[in-house]
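S.K.:
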Amino acid sequence: MISIDQRIKDEWRELAFYYDLEKKENKSEWSCYGSKHGLYNFVKLLENYTTEQTNDFLSEHDHYGPYNYLKVMTWHKAEITENYIAGTIADLKNLKNIIAGKLEKTRPGQSFTIDKEYGTDNTSTLTFFMMKDSFDPVSMDGNL
């Protein structure tokens, strides 16, 4: 039988990046940490979401990661909040392309933030921190 801690570790490694939400008074921040390969899994996650026809309808959504806090949702406008990353399917495809383009130019030790270039009504930002190729997302989880 696999322990809960081992199951959580396996899910982080399957996701291949670590994320966290820092709630702030003015604007919260989703932070994603991973190697280049791991952060490209975020791009793949959006690709899979936007090609699944069942997600074409408003309020459809998927949760990601061992704690299921990260939620991508189909919505009538592009926005990043502390509850979800949302938009029309076209918006989410655009977000995928923005992230992929920025990942191409980012090196380990660097980061980039997505905000107004995705949604003008964002109450949160989305920041990607590129780590070394050997990065293990489990290392960031303070609960393990």
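Numbers in this note's numbering are just positions in the sequence shown, counted from 1, shifted up by 9.
Don't be surprised by glycine CBs; every beta carbon is placed ideally from N, CA and C.
The structure displayed is predicted, hence computed values, not measured ones.
1) May I ask you to report which of helix, strand or coil DSSP gives A109?
2) Does the beta-carbon distance from S40 to F138 come in below 8 angstroms?
3) Since G96 sits in a beta bridge, which residues does DSSP pair it with?
4) Since I believe T83 is in contact with T60 (beta carbons under 8 angstroms), could you give me their beta-carbon distance rounded to a whole number of angstroms?
5) According to DSSP, is Y28 helix, strand or coil?
6) Report the CB separation of S48 from L112 in whole angstroms; it is logged as a contact under 8 angstroms.
7) Taking the alpha-carbon of N77 as reference, which of L101, I17 and T63 has the nearest alpha-carbon?
8) Out of S12, L135, Y42 and R116, which one is the CA nearest neighbour of E88?
9) For E113, is the beta carbon positioned less than 7 angstroms from some heavy atom of the ligand ZN?
10) For E34 and D130, what's the separation of their Cα atoms in angstroms?
11) Give the single residue among K102, T90 and D100 whose Cα lies nearest to the Cα of L31.
12) Below 8 angstroms on the Cβ atoms is my contact criterion, and I expect K36 with T132 to pass it. Report the Cβ-Cβ distance as a whole number of Å.
13) Could you round the C-beta distance between Y42 and G74 to whole angstroms and report it? I think they count as a contact, below 8 angstroms.
14) Which residues in the same chain have their Cβ closer than 8 angstroms to the Cβ of R22, if we skip the five residues on either side of it in sequence?
15) Apart from the five residues just before and just after I94, which ones in its own chain have a Cβ nearer than 6 angstroms to its Cβ?
M.R.: Looking at the atomic coordinates:
1) Here residue 109 refers to the residue found at position 100 when the sequence shown is read from its first residue. In the structure shown, A109 adopts helical secondary structure according to DSSP, grouped into three states.
2) Residue 40 sits at position 31 when you count from the first residue of the sequence shown. Residue 138 sits at position 129 when you count from the first residue of the sequence shown. Against a cut-off of 8 angstroms, the Cβ pair of F138 and S40 comes out as a contact.
3) For the purposes of this step, residue 96 is taken as the residue at position 87 of the sequence shown. Note: G96 sits in a beta bridge opposite T83.
4) Your numbering for residue 60 matches position 51 in the sequence shown. Your numbering for residue 83 matches position 74 in the sequence shown. In fact, because the Cβ distance is near 13 angstroms, the residues do not count as touching under 8 angstroms.
5) Along the sequence shown, read from residue 1 onward, the residue named residue 28 stands at position 19. Strand, per DSSP.
6) Position 39 of the sequence shown, counted from the first residue, corresponds to residue 48. Position 103 of the sequence shown, counted from the first residue, corresponds to residue 112. Note that residue 48 is Leu in the sequence shown, not Ser. Taking C-beta atoms under 8 angstroms as the contact rule, L48 and L112 qualify, at a distance of about 6 angstroms.
7) Residue 77 sits at position 68 when you count from the first residue of the sequence shown. Scanning L101, I17 and T63 for the CA closest to the CA of N77 turns up I17.
8) In the sequence shown, residue 88 corresponds to position 79, counting from 1. The option with the nearest alpha carbon to E88 is L135.
9) You won't find the ligand ZN in this model; it holds no ligand whatsoever.
10) Translated into positions along the sequence shown, residue 34 becomes position 25. Translated into positions along the sequence shown, residue 130 becomes position 121. Taking the straight line joining both Cα atoms gives about 16 angstroms.
11) Here the question's residue 31 lines up with position 22 in the sequence shown. For the sequence presented, residue 31 should be read as Glu rather than Leu. It is T90 whose Cα lies nearest to the Cα of E31.
12) Taking the first residue of the sequence shown as position 1, residue 36 is located at position 27. Taking the first residue of the sequence shown as position 1, residue 132 is located at position 123. At roughly 6 angstroms, the Cβ-Cβ gap stays under 8 angstroms, so K36 and T132 are in contact.
13) As a first step, residue 42 must be located in the sequence shown, where it is residue number 33. As a first step, residue 74 must be located in the sequence shown, where it is residue number 65. The C-beta separation of Y42 from G74 comes to about 12 angstroms, leaving the pair out of contact by the 8 angstroms criterion.
14) Counting from 1 along the sequence shown, the entry for residue 22 is found at position 13. Correct list, in chain order: D145, P146 and V147.
15) As a first step, residue 94 must be located in the sequence shown, where it is residue number 85. Around I94: V81.
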